[in-house]
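Counting from 1143, one number per residue, gives the positions in the sequence shown under my numbering. C-beta: ideal position from N, C-alpha, C; glycine also. Report on the structure given below.
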Amino acid sequence: MSSIIRRAMLGAWVVLGLSLGHSAIANAENFGQISYKDDVRPIFELRCLECHTNNGPGVVGSGLNMETYEDLMRGTRFGPVIIPGNAMVSNLNVLVEGRAGIRMPHNRKRLTTCETAILRDWVNQGARNN
């Protein structure tokens, strides 16, 4: 294959990749304003509160109680789990996205891509109690 054809094919793949990446980013931003009460809390109830509630194994192990917004923002005995405005370094997002050695929830079904995107966007929007 000539170098001209290879370059043309590479260029086509780059353009395709960039357009698909832009589409994925646009879709991730279509959630609009995320509500703790309507969007985030139901995810916690379904995926987290079995362990992270009074005397549950998640509270005993880390000190993270997720029953209320205030409990969540208090964090663990090791520090905060949410850095409002920065999902990239918020431990909540790191753990549910599997970017650490462990993934939450332990031994249970992983959060869906949509659920992790909602949590990420909520934290990036300031993790408000709305």
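The alpha helix (DSSP H) enclosing residue i, as first and last residue numbers
i: L1261; result: T1255 to N1266
i: Y1211; result: Y1211 to R1216
i: I1185; result: R1183 to R1189
i: S1204; result: P1199 to S1204
i: V1231; result: V1231 -> no alpha helix (DSSP H), and no H or E assigned at all.
Cβ-based burial, residue i [other Cβ within 10 Å; buried from 16]
i: V1182; result: buried
i: G1163; result: For G1163, the predicted model reports a pLDDT of 44, less than 50, meaning its position is unreliable and no value from the coordinates is stated.
i: I1083; result: This structure cannot speak to residue 1083, because the chain is shown only from 1143 to 1272.
i: G1227; result: exposed
Closest Cα partner of residue i within the set the options
i: I1185; options: T1210, G1203, V1202 and G1174; result: T1210
i: F1220; options: G1227, G1205 and M1230; result: G1205
i: T1254; options: T1218, V1202, P1199 and G1240; result: G1240
Distance CB(residue i)-CB(residue j) smaller than 7 Å
i: V1223; j: N1235; result: no
i: N1121; j: S1177; result: Only positions 1143 to 1272 of the chain appear in the structure, and residue 1121 is not among them; the question remains open.
i: V1201; j: A1229; result: no
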